[in-house]
Structure formats: structure tokens, C-alpha cells
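Visitor: Residue numbers (our numbering): 39 to 526.
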């Protein structure tokens, strides 16, 4: 009986060793599986990191005689938890990918998965019973008791296991490289889509009426654009696809935006494909308001040609910003949309009054506020990468920036472009992304290029300078403080 128990221990040890090793190689897949099984978002990462460590520890403990009993008990508990999680998911109509063995074998759970786990739990129960009653053999003691025939057969089995282990190692590395390739392709696709949209100027015109629609939601509701705007807040439509890698990576951030900015912004996903698959992904991250189009009929009406892409619709039903293709552009659009947006465009703030504060992402995605530059005179330059007047002043702007004149004000560019477009400017000064033009509106800047000065104390020091020549005059005539600059 001790020999049979030893075989059972070795079987479980091999299973846990393969499963734990596979999970270590592909932690992102493990995190996705944990999230899809309904683990709260705050616990997803800790659980995903702990699982492979626990499984590998059990594999070692099952082999050692001193820890075999406790390892058998722990194996029985762990397999019971796995089986319960699968049963609960199936009862709720969800079939997430198991990923029990990482990318070596990944498939939606089903009756087969539960039968497999029940069988392994039975093996673990046999280990507990046999070890408690007959004791546990050590590996050396067990081998010394085998006959020559048993050793030969065991050697063949061990060789087969070793060969299979090499194959598993090869598959794991192949899967890892394939995963990296997919991520690179997703990034290239998102980058290509972003650049294509930016160059073509695609998308509905800012200020034009957003096309209304009526779509079913994955949780049984039916929503229209009018109903999404009913509470008087701007609406961010995020066009997505359940098989889009960047879209999946963005889901936790979408859930956070829906929770943290619900009082100033309504965020809704417009997806396509199987409603059950979309519902599973949405529920895993706690995302609400997921609408399903039949194909691309709503995306086509908004001239959206790739995913993920964001469209900002203002409370009055008009388009509030250019299309935001890609995760970075969407993040910048959210940061801009949650800025306070006055009902009527204000005029330029009076000289001597406090400069309106703001917080916008820089080219690295880091939120940067006006307060950061307190103690230095600041030249706020409102910029649009697609403005030909901005393009005409760009070389002179670079030349002025490169002089490094100590007394010159700190240049801060507030651009309506995406993060990629802002990086392409290759300026050493901070370039902040404001796709919705919300900060420019608060300063009364209704065009580009326009600029004004903010004093070291944070107050308005000049009126708005409109056009390249006036902007440079603002700096050249600094000692004169700008009585020569037109006030807007």
C-alpha cells in the first residue's frame, strides 16, 4: 500500500509541478483567468502570483516523506477550491478559460474540467488516507524496495516523463514568444490605426451633432445615446472588441473611470460579437454599460475604423473632441474630459487674477499640474499639431527653446494632439495633452497658436497673444510686460 501511495504522491507532484511552472512562465494569462473566475480586482494580482508558488511548493512537499501528509491535505483543499470555483462559474452560465496549465493547455471550463479535478482530488484523498494509515516512504527507501523489473519499467516511465518535460519546456517558450509577438502586433496595429486616423482627419467634426443610436446591453438593458446623455454629463463612447488585446488591457482602467468619474463623465463601451463573451469580460473587471452592435453599424456612423477608439460626446449632443485611437489617446481624452467645463466660453482671465489650475498628462502619461511650475514665469502656449500656423512657427520655437536663456519663461505647451503626436514634436519643454481643449477654453483661447504669461506667483501676467509673431513678441518684449500685446 505504501508503494501505491508513493505512486499517487508522484502523480500529484508531477501535475502540480507542470501547472506551477506553466503559470510562472505566463503570469498575465494567470491573472486573466483569476479575474474571469470572479476574484475581486484588488485580489487578482496577489492570487495570480501566489498560485504558482503554492503549486510548486506542493510538488516538492509531496515527494518528501516528512511533509507528504500535510501536502496531501493541502492538495485536497486546493483542488476542492478549484472545483468549487468552476462549478459556480458554470452555474452562472460563464465558461472562462481554465489556464490550469498556462499556455500548454487552455480551454473553456466544462464538465471535463470538473471530472479531472474530482479525479485528482480523489488521488489526493488516497494520499492522505494511505499516508496517515501506513506512513510515507522516502524516495530512497522506495527505490531500494523495487525489483529489477520494476526499476526497468520505472526507468522507462521516467525517461518518457523527461522527454515530455522537454516538450513542455519547448511549448512554454514557444507560447511565451508567441505571446510577445501578439503584443507587438497589437501595439503596431494600434499605432498604425492611430497614425492613420490622425493623418486622414477621420471622424465627425468637432461641434457637429453626434448620431444617435439604440443598442442592447449585455446585462439585458437597452440604451440610446440620448438616454446616456439624460443626466447632463458628457459621454465617452469606447469602441471595443472582445478579441482586441489593447481593449482587454484597457478594461480595468475603464472600470476605474466609471467608478471615480461617474459624477462628471458617463463612460460606455460599444462592442461587438457574442454578448455572453462580452458579459463575461465586463463582469470580470466590474465594467458597466457595455452595448453590443450587430457588426460595425454604430462605429461606421462615428467613422471609427479601429479598436480601442474613444469618442467624446458633450452634454448637448455634439462631438467634443477628435477621435482618440489607442489606449494612450483615450487616457488623455478622459483626463481632458473630467476637467471643469464652463457652460459659456469665458474670455481671457484678467491680468493679476489667479491663473486657472489644470492637471493634464505629459508625453509619458504622467499627470502634470500648473502648480508644479510655481516659482517660475510660465509661457502657456496653446497648440494644435494639425494647425498650419503652428507648423509655420515650429522651427523658430525649437530654436528659441534651444538657446537655454536663463531669464526666459518656462515654456509649457498645451496641445490638442494625442500623446504620440506630442512626442513627435521632440520638444525639451513639457508638452501636455488636452484633446478636448478644455484648458484652452478656460483661458479664453479660441484658436492656435495662442499664448499668455503666468507669473511665478501663479497669476495672469499678460493678455492672450494670437499668432506666431505675437507669441514671440510676448517673450522678446518681456521687460516691457506686454502692454504691446493685444488683450483678448
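Here a beta-carbon is modelled for each residue, glycine too, at the ideal position from N, C-alpha and C. Model, not experiment: these values are computed from the prediction.
Taking C-alpha atoms, which residue in 414, 452, 310 lies nearest to residue 281?
Guide: On the chain shown, residue 281 is found 243 positions in, with the first residue counted as 1. Closest by alpha carbon: 310.
Visitor: Mind checking whether residue 346 and residue 277 have CB atoms under 8 Å apart?
Guide: Taking the chain shown and counting its residues from 1, one reaches residue 346 at position 308. Taking the chain shown and counting its residues from 1, one reaches residue 277 at position 239. Contact: yes.
Visitor: Three-state secondary structure (DSSP) at residue 377?
Guide: Residue mapping note: residue 377 aligns to position 339 of the chain shown, counting from 1. Correct three-state label for residue 377: coil.
Visitor: CB residue 303 to CB residue 274, shorter than 8 Å?
Guide: On the chain shown, residue 303 is found 265 positions in, with the first residue counted as 1. On the chain shown, residue 274 is found 236 positions in, with the first residue counted as 1. Their beta carbons are under 8 Å apart, which means residue 303 touches residue 274 by this criterion.
Visitor: Spell out the partners DSSP gives residue 390 in its beta bridges.
Guide: Locating residue 390 in the chain shown gives position 352, counting from the first residue. The partner list for residue 390 (beta bridge, DSSP) is empty, contrary to what the question assumes.
Visitor: Is it buried or exposed for residue 426, if we count other Cβ within 10 angstroms and need 16 for buried?
Guide: To locate residue 426, count along the chain shown from 1; it is residue 388. Exposed: under 16 other Cβ atoms inside 10 Å.
Visitor: Quick test of the definition: if touching needs 3 or more C-beta pairs under 8 Å, does the segment 81-93 touch the segment 52-61?
Guide: They touch, by the three-pair rule.
Visitor: Quick one: measure Cβ to Cβ for residue 421 and residue 369, integer angstroms, because I've assumed they're closer than 8 Å.
Guide: Residue 421 sits at position 383 when you count from the first residue of the chain shown. Residue 369 sits at position 331 when you count from the first residue of the chain shown. Actually they are not in contact, since the Cβ atoms of residue 421 and residue 369 sit about 19 Å apart, beyond 8 Å.
Visitor: If we count the other Cβ atoms within 10 Å of its Cβ and call it buried at 16 or more, is residue 172 buried or exposed?
Guide: Working through the chain shown from its first residue, we reach residue 172 at position 134. Label assigned to residue 172: exposed.
Visitor: So, helix, strand or coil for residue 385, using DSSP?
Guide: Taking the first residue of the chain shown as 1, we reach residue 385 at position 347. Residue 385 falls in the coil class under three-state DSSP.
Visitor: Is the segment 285-299 touching the segment 251-270, taking contact as three or more C-beta pairs under 8 Å?
Guide: Not touching, per the Cβ criterion.
Visitor: If you pair each beta-carbon of the segment 91-107 with each one of the segment 149-157, do three or more pairs fall below 8 Å?
Guide: The answer is no - the segment 149-157 does not touch the segment 91-107, with fewer than three Cβ pairs under 8 Å.
Visitor: Please list the terminal residues of the continuous alpha helix (DSSP H) segment that includes residue 128.
Guide: Stepping through the chain shown from its first residue, residue 128 is reached at position 90. It spans 106-129 - the alpha helix (DSSP H) in which residue 128 sits, taken as one unbroken run.
Visitor: Among the candidates 415, 339, 386, whose CA atom is the shortest distance from the CA of residue 247?
Guide: In the chain shown, residue 247 corresponds to position 209, counting from 1. Taking only the C-alpha atoms, the option nearest residue 247 is 339.
Visitor: Using a Cβ-Cβ cut-off of 7 Å (strictly less than) and excluding sequence neighbours within five positions of residue 391, which residues of its own chain qualify?
Guide: Working through the chain shown from its first residue, we reach residue 391 at position 353. If we look at residue 391 and ignore the five residues flanking it on each side, its Cβ neighbours are 497, 498.
Visitor: Out of 402, 450, 403, 404, which has the shortest C-alpha to C-alpha gap to residue 414?
Guide: As a position in the chain shown, residue 414 is number 376, starting the count at 1. For residue 414, the nearest C-alpha among the options comes from 450.
Visitor: Using the three-state DSSP reduction, which class does residue 457 fall into: helix, strand or coil?
Guide: Translated into the one-based positions of the chain shown, residue 457 becomes position 419. Residue state, collapsed to three classes: helix.
Visitor: If you compare alpha carbons, which of 263, 161, 75 is closest to residue 47?
Guide: Here residue 47 is taken as the residue at index 9 of the chain shown, counted from 1. That would be 161, whose Cα lies nearest to the Cα of residue 47.
Visitor: To the nearest angstrom, report how far apart residue 507 and residue 455 are at their CA atoms.
Guide: In the chain shown, the residue the question calls residue 507 occupies position 469. In the chain shown, the residue the question calls residue 455 occupies position 417. Cα-Cα distance, rounded: 22 Å.
Visitor: Does the Cβ of residue 458 have 16 or more other Cβ atoms within 10 Å, making it buried, or fewer, making it exposed?
Guide: The residue you call residue 458 lines up with position 420 of the chain shown. Counting Cβ neighbours within 10 Å, residue 458 comes out buried, since at least 16 surround it.
Visitor: Hey, residue 474 and residue 371 are a contact pair by Cβ (cut 8 Å); roughly how many whole angstroms apart?
Guide: Residue 474 sits at position 436 when you count from the first residue of the chain shown. Residue 371 sits at position 333 when you count from the first residue of the chain shown. Right, their Cβ atoms sit about 7 Å apart.
Visitor: Excluding the 5 residues preceding and the 5 following residue 367 in the sequence, name in chain order all residues of the same chain whose CB lies nearer than 6 Å to its CB.
Guide: For the purposes of this step, residue 367 is identified with residue 329 of the chain shown, where counting begins at 1. Hits under 6 Å: 456.
Visitor: By the 10 Å Cβ neighbour count, where 16 or more other Cβ atoms means buried, how is residue 164 classified, buried or exposed?
Guide: The residue given as residue 164 occupies position 126 in the chain shown. Under this definition residue 164 is a buried residue.
Visitor: Quick check: what's the CA-CA separation for residue 301 versus residue 341?
Guide: Here residue 301 is taken as the residue at index 263 of the chain shown, counted from 1. Here residue 341 is taken as the residue at index 303 of the chain shown, counted from 1. Using only the alpha carbons, I get a separation of about 28 Å.
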